[in-house]
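First the structure, in the form of structure tokens, and then the observations on it.
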Ligand SMILES: Nc1ncnc2c1ncn2[C@@H]1O[C@H](COP(=O)(O)OP(=O)(O)OP(=O)(O)O)[C@@H](O)[C@H]1O
Ligand SMILES: [Mg+2]
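Residue numbers (the working numbering): 23 to 294.
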């Protein structure tokens with residue numbers, strides 16, 4: 023465990039061995055700030071002394087970009103781990119204090135490979151490949167964050183089934199809010215498959231609260247979920263700000279420039 027590592031509030035401790043909380047950031051809707059949330063949460067957790075890893079389960083490979091790493095130069099990725107060719111330790115990179123298990127376009131080959139009837143003996147449980155891979159590293163971290171793609175593909179199923187918790191980012195706009203319900207249905211589906219995964223909450227992102235639309239939609243969102251006490255809308259909201267977009271494209275995450283994300287991390291730490 024790292025020198026500065028703290029014990030997470032609710033960290034699972036089995037036989038005195040700490041095991042990480044595993045949080046997927048997921049939404050069936052694209053462009054809602056999943057990758058920005060994972061990136062900023064990770065550097066936020068590190069700034070508070072938590073040993074943190076990020077796993078990129080999206081073939082777009084945007085976590086590499088967000089941490090200033092060229093995804094096309096990656097020799098081996100999470101894909102190679104999931105198909106059993108290498109171990110997690112073989113692909114680990116560290117940037118801005120975060121251990122990264124990166125992906126790129128190769129992850130698109132996962133579904134055809136592991137779902138093929140021909141390969142069913144080699145991959146008898148194709149939706150649990152990530153859970154098994156995380157088993158190699160789980161005791162090393164307080165938090166493992168997973169970035170997912172806006173779909174219910176095999177990488178996303180692997181992510182949700184490997185997670186202890188899920189955060190759903192949402193833009194306070196009609197179609198994005200609808201995306202929450204698709205995501206909740208998917209989560210219910212995997213809970214019915216026996217996964218013990220908990221929805222930590224819904225995070226409003228890219229909020230422009232000076233606009234009437236966002237203001238009204240945010241109120242509406244809070245009202246709607248006030249009636250479902252098991253699903254929380256976080257108090258913190260992430261504002262739309264050019265600096266967030268620039269941090270991502272420049273590959274220089276900096277929690278000092280994203281104070282709302284630090285507040286969000288603290289809100290998460292209070293419950294996870
Ligand atoms: N708070 C913000 N303010 C302004 N721009 C933002 C903010 N958060 C993210 N962005 C930008 O918006 C775009 C979408 O964000 P992001 O990539 O995090 O979404 P995503 O949900 O991961 O998308 P995808 O579904 O494609 O994976 C990116 O260009 C990102 O830099
Ligand atoms: Mg993304």
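Glycine included, C-beta positions come from ideal geometry on N, C-alpha and C.
Is the beta carbon of residue 260 closer than 8 Å to that of residue 226?
yes
Kindly indicate which three-state DSSP category residue 196 falls into: helix, strand or coil?
helix
Span separating the alpha-carbon of residue 29 from that of residue 111:
With a pLDDT of 49 at residue 29, under the threshold of 50, the modelled position of this residue cannot be trusted; read the value that follows with caution. C-alpha separation (whole angstroms): 22 Å.
Distance CB(residue 129)-CB(residue 101) smaller than 8 Å:
yes
Return yes when the C-beta of residue 175 is under 7 Å from any heavy atom of ligand 2, and no when it is not.
no
What are the start and end residues of the alpha helix (DSSP H) that includes residue 269?
264-272
What does a CB cutoff of less than 7 Å around residue 125 pick up in its chain, not counting 5 residues either side in sequence?
78, 79, 80, 81, 83, 99, 100, 101
Whole angstroms is fine: what's the gap from residue 190's alpha carbon to residue 213's?
16 Å
Considering only the alpha carbon of each residue, which of 294, 39, 287, 283 lies closest to residue 160?
39
If you measure from the CB of residue 266, is any heavy atom of ligand 2 nearer than 7 Å?
no
Could you check whether the region 39-53 touches the region 249-263, counting it as contact only if at least three pairs of C-beta atoms, one from each stretch, sit closer than 8 Å?
no
Consult DSSP for residue 293 and reduce its assignment to one of helix, strand or coil.
helix
Identify, in the order they occur along the chain, each residue of the same chain with its Cβ nearer than 8 Å to the Cβ of residue 270, setting aside the five sequence neighbours on each side.
57, 58, 61, 84, 87, 88
Would you kindly work out how many angstroms separate the C-alpha atoms of residue 93 and residue 115, rounded to a whole number?
12 Å
Alpha carbon to alpha carbon, how far is residue 288 from residue 149?
32 Å
To the nearest angstrom, how far is it from the Cα of residue 264 to the Cα of residue 228?
10 Å
Cβ-Cβ separation, residue 222 to residue 293 (assumed contact under 8 Å), whole Å:
7 Å
Is the CB-CB distance between residue 76 and residue 108 below 8 Å?
no
Roughly how many angstroms separate the alpha carbons of residue 196 and residue 241, rounded to a whole number?
13 Å
Is any non-hydrogen atom of ligand 2 found closer than 7 Å to the C-beta of residue 164, if you look at the structure I gave you?
no
Where does residue 11 fall in DSSP's three states?
What is shown of the chain runs 23 to 294, which leaves residue 11 out entirely.
Where residue 255 sits in the DSSP three-state scheme:
strand
Would you decide whether residue 272 is buried or exposed? Buried here means 16 or more other CB atoms lie within 10 Å of its CB.
exposed
Let me check understanding here. Comparing Cα to Cα, which of 224, 144, 163, 278 lies closest to residue 54?
224
Let me check you understand the geometry: is the CB of residue 273 closer than 7 Å to at least one non-hydrogen atom of ligand 1?
no
So, for residue 151: in the same chain, excluding its five sequence neighbours on each side, which residues have a beta-carbon less than 6 Å away from its beta-carbon?
104, 180
So what does residue 238 bridge to, in DSSP terms?
DSSP lists no partner for residue 238.
Is the CB-CB distance between residue 219 and residue 176 below 8 Å?
no
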